[in-house]
Every structure is written in structure tokens, then in C-alpha cells.
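Novice:
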Amino acid sequence: MRKHESLRESEGLVPAIPAAGAIVCPDCGNHCRLYEGNIGYCNLRVAKEGKVEHRFGRKAVVSWYFDPLPTNCVADWVCPVTKRDPAFHYSRRLNNLAVFYGSCNSDCLFCQNTSYREMMARGSPLMTAEELASVANDRTACVCYFGGDPACNPEHSLETSRLLYQSRRVKVCYETNGNISTKWLGPIADIVKESGGTLKFDLKAVTPQIYKGLTGVSNKAVLANFEKLAKIGRERESEFLVVSILLVPGYIGISELRVLAQFIASQDPTIPTAMLGFSPHHAMSDLPRTSRAHAETAKTVAIEAGLTNVRIGNVGLLSSANYTYE
Ligand code: SF4
Ligand code: SF4
Ligand code: SF4
Numbered sequence: 004m005r006k007h008e009s010l011r012e013s014e015g016l017v018p019a020i021p022a023a024g025a026i027v028c029p030d031c032g033n034h035c036r037l038y039e040g041n042i043g044y045c046n047l048r049v050a051k052e053g054k055v056e057h058r059f060g061r062k063a064v065v066s067w068y069f070d071p072l073p074t075n076c077v078a079d080w081v082c083p084v085t086k087r088d089p090a091f092h093y094s095r096r097l098n099n100l101a102v103f104y105g106s107c108n109s110d111c112l113f114c115q116n117t118s119y120r121e122m123m124a125r126g127s128p129l130m131t132a133e134e135l136a137s138v139a140n141d142r143t144a145c146v147c148y149f150g151g152d153p154a155c156n157p158e159h160s161l162e163t164s165r166l167l168y169q170s171r172r173v174k175v176c177y178e179t180n181g182n183i184s185t186k187w188l189g190p191i192a193d194i195v196k197e198s199g200g201t202l203k204f205d206l207k208a209v210t211p212q213i214y215k216g217l218t219g220v221s222n223k224a225v226l227a228n229f230e231k232l233a234k235i236g237r238e239r240e241s242e243f244l245v246v247s248i249l250l251v252p253g254y255i256g257i258s259e260l261r262v263l264a265q266f267i268a269s270q271d272p273t274i275p276t277a278m279l280g281f282s283p284h285h286a287m288s289d290l291p292r293t294s295r296a297h298a299e300t301a302k303t304v305a306i307e308a309g310l311t312n313v314r315i316g317n318v319g320l321l322s323s324a325n326y327t328y329e
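If you use the numbering used here, the sequence shown corresponds to residues 4 to 329, in order.
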């Protein structure tokens, strides 16, 4: 926790989840407790006249780009766009609108997208949902929110999604840490399901101490949300919930992986689960890349735990490093 706090402080971010004030933010599982004038952990909200307000009104800190399809999406092997009729889609050179939010409500020490932190500290660039939705064109097949994380931008991402789905039938996908407020989880699940998109859930750990050490925050809301989404997904026609697990050497070894796989299987053993190789980044640049032996053992253990659709997501990243991964 000291590492999380010192890093954030040096970058001009709120060092720790505010926990002592009387004004409670209901917008994500962190439930920041703010004093008047305090800014929340995501840098997006402020306590004003006894209430929690968005610092930038209807605008979010966000950037975007087009990714030609097929993209190297974490759900590509079950993706409704790339699976349904690839020949048709590729011939029309469809694109994915990749939406990069410049804020996050986690603080992963291994984060590979740390540019969100500068955006979060700066509070720019800013866009309304209308401005963001207007960049889509007639080749836009899907939108994917990531960043940073859409978990602390539920209203903005939902408004953008509704505009994109209503006007262009764009499929809506979220790539998230799952630390979403219960009040936003349902509407997000609804638009993803209705549009035929996928919810890519980055499940970092089940054991609370490991999760908190890696991310700086609690996984209480994360696990509860996963259970709710798995339940919604059980009646799915196409894939709805897709899990990714990052195999961080020394942290997500086989014993934690077994707990993770059992947790997923207890909800629905058919949920597609991708094991991802870790590469050194941010405050964990001293660790090795995930070894092939670690990834392959993880896959075997996940299958033994009952999962029926498991894959290693980024084989090219795996190393021959020699370390203990029990
Ligand atoms: S959205 Fe989450 S991180 Fe941001 S202020 Fe609210 S509770 Fe805190
Ligand atoms: S963002 Fe969604 S629809 Fe687009 S490629 Fe990824 S899983 Fe498929
Ligand atoms: S949830 Fe994702 S974007 Fe946020 S800190 Fe963790 S890895 Fe980075």
C-alpha cells in the first residue's frame, strides 16, 4: 500500500481511497468517503455542498482511435463480430472504435496502459458522449471501452453506447476491472447484451490480500458483480461474459489460479477464460515475463477445476524464465 500511495502522490493523484469523510460516492465499489472539497480516487468526482459532483460536468477524460477488424481483442476467439461472418466483415474493412478513458478506480502495479494516469492528473482531453459517438462511421462495427477503465465512467459510456447502438447498431463491448457500482451494472449489462457485444472482465485475483496488494483496492464489489454478470450470461445466445486472468509471476501462481478457476466454474463453467502472459511494466518492471511452463500449468489447472473454454491469450509473450509458480 505504501508503494501505491507514494507512486500516486508523485504523479499528482489522490494517494489513497478517501475513507474518513461523510460524503460517500455511490458510483463505484471504492465508495470514497469525502470531506467537502475533496476529490475522489478516480480524480473525476468532487464533494460539493454535501453532494458528489462530476468535476467535468457531462464530459469525460477520454481519447479514441479506430482499430481495423479483426483486432487483437482479448475476446477475439469468441467475438460475435469476428466469428459470425468473418468473410463478410473483413471484405468491408470494418473498424472497432477503441475508447480509451483517462481515469481508473484501480491502481495496478503492473498496469500496461499507464498513459491514463497522466490524462487523469491533467483532466484532459475532455469529450461529451455526443462528441465521442459522432466519430463513428458506417464501417464501425463495435465500440470497446477500456483505458484506464470504464468502471468510473458509467454514465458517459452508457450515453455513448445508446447513441451508437440506436443510430448505427454498433455492438457495445466493455473491457473492465469490474469495480462498477451496482446501480450501473444492470444498464451496462443490458446494452452489451442487447447489442450482441461482450463484457471482458479482468479478474485479477480472488484472495483479497493478493487483489489489494496488486491493485490498491478491494475486490468485494468486483466478485459480487462477477456473480451477477455470470447469472445474466447463463441465458446467453452468443458470448456475453469473457474473463481474462493475468499470470503475474510470484502473485498469480497455481494456488491462486486454482481459486480463481473454481470461483469462475462455480458461477458457470462455460464462461470463456483467457490466461494472459504478463510482461514487466510500471512498478513491476523487475519481474520476468510469464513462463510457458507457468501458463501451460495454469491452463491445465483451470480445466481440472471445471472450466470448459480456456485458452492462453498471448502465447508470443511467454518466456523461458525459470521461477517457482506454485
Ligand atoms: S467513482 Fe469510485 S473512485 Fe471515483 S470518486 Fe466515486 S467511489 Fe471514488
Ligand atoms: S470489441 Fe467486441 S465486437 Fe469488437 S472485436 Fe472485440 S469482442 Fe469483438
Ligand atoms: S484496472 Fe487496468 S487500467 Fe486500471 S490500473 Fe489496473 S491494469 Fe491499469
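Every residue gets a Cβ at the ideal spot worked out from N, C-alpha and C, and that includes glycine.
#1: Looking at Ile-26 and Gly-60, is the spacing between their C-beta atoms short of 8 Å?
#2: Please confirm whether Ser-258 and Arg-295 have their CB atoms less than 8 Å apart.
#3: For Leu-226, I'd like the list of residues in its chain whose CB is within less than 8 Å of its CB, leaving aside the five on either flank, ordered along the chain.
#4: By the 10 Å Cβ neighbour count, where 16 or more other Cβ atoms means buried, how is Arg-11 classified, buried or exposed?
#5: Just tell me which of Glu-240, Glu-133, Pro-73 has its CA closest to the CA of Ala-144.
#6: Near Met-122, what residues of its chain come up, given a Cβ to Cβ distance below 6 Å and the 5 sequence neighbours on each side ignored?
#7: Does the region 273-292 touch the region 103-117, meaning 3 or more C-beta pairs lie closer than 8 Å?
#8: Provide the residue span of the alpha helix (DSSP H) that contains Ser-269, from first to last.
#9: My output table needs one value for Ser-294: the three-state DSSP class, helix, strand or coil.
#10: Within the same chain, show all residues whose beta-carbon is closer than 6 Å to that of Glu-329, passing over the 5 residues directly before and after it, in chain order.
#11: Please give me, in chain order, every unbroken run of the alpha helix (DSSP H) with length at least 4 that falls completely inside the region 68-128.
#12: Report the rounded CA-to-CA distance for Glu-299 versus Arg-142, giving the unit in angstroms.
#13: Just to confirm the assignment, what range does the alpha helix (DSSP H) spanning Ala-277 have?
#14: Tell me the rounded alpha-carbon separation between Asn-330 and Leu-97.
#15: Enumerate in chain order the residues of its own chain whose CB-to-CB distance from Leu-16 is below 7 Å, with the five nearest sequence positions on each side excluded.
#16: Label Pro-252 either buried or exposed according to how many other C-beta atoms from any shown protein chain fall within 10 Å of its C-beta, with 16 as the threshold for buried.
#17: Return yes when the C-beta of Thr-276 is under 7 Å from any heavy atom of ligand 2, and no when it is not.
#18: Once DSSP output is grouped into helix, strand and coil, what is the label at Val-17?
#19: Of the residues Leu-217, Val-245, Ser-221, which one's Cα is nearest the Cα of Lys-203?
#20: According to DSSP, simplified to helix, strand and coil, what is Glu-329?
#21: Using the Cβ count rule (16 or more neighbours within 10 Å means buried), how would you classify Asn-222?
#22: What's the gap between the Cα of Phe-91 and the Cα of Val-173?
#23: Rounded to the nearest angstrom, what separates Thr-201 and Thr-85 at their Cα positions?
#24: Go ahead and pull the three-state DSSP assignment for Ser-396.
#25: Starting from the Cα of Asn-317, find the closest Cα among Cys-76, Lys-231, Gly-189, Gly-181 and give me that residue.
#26: Looking only at DSSP bridge pairs, what is Phe-149 linked to?
#27: So what does Tyr-177 bridge to, in DSSP terms?
#28: Kindly give me the distance between the Cβ atoms of Val-49 and Arg-36, rounded to whole angstroms, as I take these residues to be in contact under 8 Å.
#29: Going by alpha carbons, who is nearest to Thr-276 out of Ala-268, Arg-292, Gly-319, Ser-247?
#30: List in chain order the residues whose CB is within less than 5 Å of at least one heavy atom of ligand 1.
#31: What do you reckon, is the C-beta of Lys-196 under 7 Å from a heavy atom of ligand 2?
#32: Between which two residues does the beta strand (DSSP E) holding Lys-54 run?
Specialist: Working from what's here:
#1: no
#2: no
#3: Val-209, Phe-266
#4: buried
#5: Pro-73
#6: Val-64, Gly-105
#7: yes
#8: 257-270
#9: Residue state, collapsed to three classes: strand.
#10: So the list reads Gly-256, Ile-257, once near-sequence residues are dropped.
#11: 83-87, 89-94, 118-125
#12: Their backbone Cα atoms lie some 38 Å apart in a straight line.
#13: Run containing Ala-277: none in the alpha helix (DSSP H); it sits in the beta strand (DSSP E), 276-280.
#14: Because residue 330 is not part of the residues shown, which for the chain are 4 to 329, the question remains open.
#15: Asn-46, Arg-120, Met-123, Ala-124
#16: buried
#17: no
#18: coil
#19: Val-245
#20: Glu-329 falls in the coil class under three-state DSSP.
#21: buried
#22: Per-residue confidence for Phe-91 stands at a pLDDT of 47, beneath the threshold of 50, marking its modelled position as unreliable; the derived number appears in the next sentence. Each residue's alpha carbon lies about 16 Å from the other.
#23: 12 Å
#24: With the chain represented from 4 up to 329, any question about residue 396 goes unanswered, as that position is not in the structure.
#25: Cys-76
#26: Phe-103
#27: Tyr-148, Leu-202
#28: With a Cβ gap of about 14 Å, Val-49 and Arg-36 do not count as contacting.
#29: Ser-247
#30: Cys-28, Asp-30, Cys-31, Asn-33, Cys-35, Gly-43, Tyr-44, Cys-45, Arg-48, Asn-108, Cys-155
#31: no
#32: 54-57 is the extent of the beta strand (DSSP E) around Lys-54.
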